[in-house]
Each structure stands twice: as structure tokens, then as C-alpha cells.
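Asker:
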Amino acid sequence: MTGSPQHRELPPARAGRDEAWFEDLFRRSHCAVLAFARRRVPEDADDVVSEVFSVAWRRRDEVPEEPLPWLYRVAHHEVLHSRRGEARRARNAQAAVEHLGPEQTAADMGEHVADRLDSRALIRPALDLLPDADQELLRLWAWEGLEPQEIAYVLGCTRGATRVRLHRALRRLRRAVLAAAPRDTAARAVHRRSHHETVAAVPARIEA
Numbered sequence: 016m017t018g019s020p021q022h023r024e025l026p027p028a029r030a031g032r033d034e035a036w037f038e039d040l041f042r043r044s045h046c047a048v049l050a051f052a053r054r055r056v057p058e059d060a061d062d063v064v065s066e067v068f069s070v071a072w073r074r075r076d077e078v079p080e081e082p083l084p085w086l087y088r089v090a091h092h093e094v095l096h097s098r099r100g101e102a103r104r105a106r107n108a109q110a111a112v113e114h115l116g117p118e119q120t121a122a123d124m125g126e127h128v129a130d131r132l133d134s135r136a137l138i139r140p141a142l143d144l145l146p147d148a149d150q151e152l153l154r155l156w157a158w159e160g161l162e163p164q165e166i167a168y169v170l171g172c173t174r175g176a177t178r179v180r181l182h183r184a185l186r187r188l189r190r191a192v193l194a195a196a197p198r199d200t201a202a203r204a205v206h207r208r209s210h211h212e213t214v215a216a217v218p219a220r221i222e223a
């Protein structure tokens with residue numbers, strides 16, 4: 016992994032994983048875990064982070080010397096749990112909406128759309144068109160800066176399967192970016208020459 020040095024070199028002695036060790040872990044990793052959660056469940060990000068570090072303390076003997084992939088794996092499961100709760104809330108809200116007239120709900124239609132990705136003019140809409148599994152792979156690769164073997168660990172997949180899935184997800188993303196290009200022929204030609212640079216802005220980890 017090519018992450019920043021602040022996520023490395025935690026105290027090696029697992030027998031000494033006391034409160035000082037945990038404070039060091041939190042200080043080094045909190046921002047990265049919070050960013051991970053905010054990109055996926057912005058409204059519940061703080062709750063996800065709190066649970067991740069609660070798990071890290073309870074299972075501190077299991078935390079590896081390179082902790083970030085392990086923390087991301089815990090966060091991934093917490094995000095899934097949060098989304099299931101969100102889906103339940105959405106179903107309950109829909110049931111309530113069915114009892115209201117359209118004039119009571121039209122003004123509120125846009126208020127609950129979560130901005131889960133960075134505002135990139137072409138990348139974000141293209142990414143939103145991909146299957147959820149592809150989106151998560153690309154987020155882990157591009158935004159979290161994980162290597163395929165680390166993504167495999169986070170998602171509980173084999174390394175080989177992860178590499179194949181990542182390659183296919185990148186290919187589908189490129190197609191989606193091209194499809195979102197302007198219809199004008201000249202503009203499309205310009206876009207074709209530069210679409211690799213555009214895709215690389217997810218951010219610069221996606222290969223041309």
C-alpha cells in the first residue's frame with residue numbers, strides 16, 4: 016500500500032496494547048476511517064467511526080501492524096449495517112408518504128439525496144451508473160488508495176477474483192465516462208483524447 020506514513024509503524028508489541036496504543040491508533044487512523052465512512056454513509060459517518068474504533072479496542076489483539084485495511088474491513092461491515100437501517104427507514108418513510116397528498120411532498124423531493132462522492136463532472140455520474148459492487152471496488156482503489164490484495168481483504172474475496180473484478184469495473188467506468196461525453200462530434204473527439212486523464216482523476220490512482 017502507498018498510504019501516508021502516519022498509518023504505519025504502530026507499536027509492535029501486542030501485549031502492550033494499552034490505552035496509549037489505542038490513542039496512537041486513533042490519532043493515526045481516525046481521519047482516514049472518517050473519510051471512508053463519509054463517502055458512503057455521510058449522515059451516519061460518525062456512528063460508523065465510533066463503532067469501528069470500539070471494535071478495534073475490543074479486538075485489539077487482532078489489529079495488524081498495518082491497521083488501515085483491517086479498520087476499513089470493519090468499516091465496510093458497519094456501512095452495510097447502516098445501509099440496511101437506511102433501507103428500513105426509507106421503507107417506513109415511503110409508507111408514510113403514501114398517506115400524504117402530492118402537494119405535501121413535492122417540495123421535499125430533493126432534500127434527502129446524499130452527495131456520496133466528490134463533485135467530478137463526468138466521473139461521479141458515470142460511477143453512479145455502475146453496479147454497487149463495482150462502485151465499492153473503485154472507491155477502495157481510488158479514494159482509499161488500497162492495492163488489490165488489500166481490497167480483497169476488506170471485501171473478503173480472493174486476490175485473483177478482486178483483480179479481475181477491478182479490471183472489469185475500470186473498463187465499465189471508462190465506457191460510462193465516454194457515454195456521458197458531449198454528443199457533438201468535435202467535443203466527443205476531444206473527450207476521447209483526454210478521457211484517460213479524466214478517469215485518472217478518480218483520483219489519480221485509476222490507470223489509463
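The working numbering puts the first residue of the sequence shown at 16, with every later residue one more than the last.
We put the beta carbon where it would ideally sit given N, CA and C, even for glycine.
These numbers were taken from a predicted model, which means no experiment stands behind them.
(1) Is S97 closer than 8 Å to V67 when the C-beta atoms are compared?
(2) Rounding to the nearest angstrom, what Cα-Cα distance links A202 and A195 in this structure?
(3) What three-state label does DSSP hand L145 in the structure shown?
(4) Quick one: residues in its chain with C-beta nearer than 7 Å to the C-beta of A167, no 5 flanking neighbours on either side, listed in chain order?
(5) Count the other CB atoms, across all protein chains shown, that sit within 10 Å of the CB of E165; report buried if there are 16 or more and exposed otherwise.
(6) Apart from the five residues on each side of it in sequence, which residues of its chain come closer than 6 Å, Cβ to Cβ, to A191?
(7) Check whether the Cβ atoms of A184 and L152 sit closer than 8 Å, and answer yes or no.
(8) The alpha helix (DSSP H) spanning C172 covers which residue range?
(9) Could you give the distance in angstroms between the alpha-carbon of E38 and the alpha-carbon of V179?
Answerer: In terms of the structure at hand:
(1) To locate residue 67, count along the sequence shown from 1; it is residue 52. To locate residue 97, count along the sequence shown from 1; it is residue 82. No, Cβ-Cβ distance for V67 and S97 is not below 8 Å.
(2) What you label residue 202 is simply residue 187 of the sequence shown in a count that begins at 1. What you label residue 195 is simply residue 180 of the sequence shown in a count that begins at 1. Note that A202 has pLDDT 43, beneath the 50 cutoff, so the model's placement of it is unreliable and the number below is only indicative. Straight-line Cα distance between these residues: approximately 12 Å.
(3) Locating residue 145 in the sequence shown gives position 130, where the first residue counts as 1. The answer is coil: DSSP assigns L145 none of H, G, I, E or B.
(4) Here residue 167 refers to the residue found at position 152 of the sequence shown. So the list reads T173, R174 and T177, once near-sequence residues are dropped.
(5) Locating residue 165 in the sequence shown gives position 150, where the first residue counts as 1. Per the 10 Å Cβ criterion, buried.
(6) Position 176 of the sequence shown, counting from 1, holds the residue named residue 191. Excluding positions up to five away in sequence, the list reads A141 and L144.
(7) Indexing the sequence shown from 1 puts residue 184 at position 169. Indexing the sequence shown from 1 puts residue 152 at position 137. Yes, the Cβ-Cβ distance between A184 and L152 is below 8 Å.
(8) Within the sequence shown, residue 172 is the residue found at index 157, counting from 1. Premise fails: C172 is in no alpha helix (DSSP H) and is neither H nor E.
(9) Walking along the sequence shown from the start, residue 38 turns up at place 23. Walking along the sequence shown from the start, residue 179 turns up at place 164. C-alpha separation (whole angstroms): 38 Å.
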